[in-house]
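Sequence positions in the sequence shown follow my numbering and run 479 to 638.
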Amino acid sequence: MTILLHSGSPEDTFEIARLLGLALAPGDVVALTGDLGAGKTVFCKGIGAALGLSPDRVVSPTFTIVTEHEGTLPLVHVDVYRIESLREAVEIGLDETLSGNDAVCVVEWAEKLGELLPTDSIRVTFTISGDDSREIAISTPDRERFSGFRARSERFQPGG
Ligand SMILES: Nc1ncnc2c1ncn2[C@@H]1O[C@H](COP(=O)(O)OP(=O)(O)OP(=O)(O)O)[C@@H](O)[C@H]1O
Ligand SMILES: [Mg+2]
């Protein structure tokens, strides 16, 4: 199932992510793809909010690839901007991080991980469509909990 959403502000992106976060379960991987400044980190903060984390805590430090947070579920925030190869990703244990079953895992620059991403990852693609506008496409496995997200995100859907 693919859901197309329009965000008109950072607050919209945060809220879309928070609504998705409410549907997430341990073991889920959320794979974020989009240019510099598209809103990937804002999206991570929104998912964190759904898990009870303050937005100030969810940041992307330049040289840290994996950050773990203790929310109502554990949140593993991965930013692979600086990863040069799949081999490097495996060397630092990202394949195990991604296949873990007790945390929600959200990945910035996920396309760099190619086949290391689980096939049932939730894929989120951002397109910058204006200064404050972003088109956000979210592909999820066909599960009831994501149908609930689709219903809750209706006001961000074109014509919604
Ligand atoms: N609709 C929007 N959604 C998200 N961010 C927006 C939006 N409109 C403007 N912005 C701005 O775009 C920037 C997004 O920054 P953010 O760090 O989330 O991007 P990113 O995709 O993580 O970038 P990077 O690739 O550098 O990690 C912020 O400065 C935010 O205020
Ligand atoms: Mg970022």
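Backbone N, C-alpha and C define an ideal beta-carbon position, used for all residues, glycine too.
Assigned exposure category for residue i - 16 Cβ within 10 Å defines buried
i, result
"Glu586", "buried"
"Arg621", "exposed"
"Thr575", "buried"
"Arg535", "exposed"
"Ser455", "Beyond the ends of the chain as shown, which are 479 and 638, falls residue 455; an answer cannot be given."
"Arg642", "The first residue shown for the chain is 479 and the last is 638, placing residue 642 beyond what the model contains."
"Leu497", "buried"
"Arg633", "exposed"
Identified DSSP bridge partners for residue i
i, result
"Ile600", "Val508"
"Ile614", "Leu483 and Phe604"
Beta-carbon proximity of residue i to residue j, cut-off 7 Å
i, j, result
"Thr519", "Thr603", "no"
"Ile570", "Leu483", "no"
"Val554", "Lys590", "no"
"Val508", "Ile606", "no"
Segment limits, beta strand (DSSP E) that includes residue i
i, result
"Val585", "Val582 to Glu586"
Start-to-end residues for the alpha helix (DSSP H) that takes in residue i
i, result
"Glu574", "Leu572 to Ser577"
"Phe624", "Glu622 to Arg630"
"Leu591", "No alpha helix (DSSP H) contains Leu591, which DSSP labels as neither H nor E."
"Val558", "That residue, Val558, is in no alpha helix (DSSP H); it is neither H nor E in DSSP."
"Ala495", "Pro488 to Leu500"
query = Which parts of the region 506 to 553 are runs of the beta strand (DSSP E), unbroken and 3 residues or longer, counting only runs that do not cross its ends?
reply = 507 to 511 and 544 to 548
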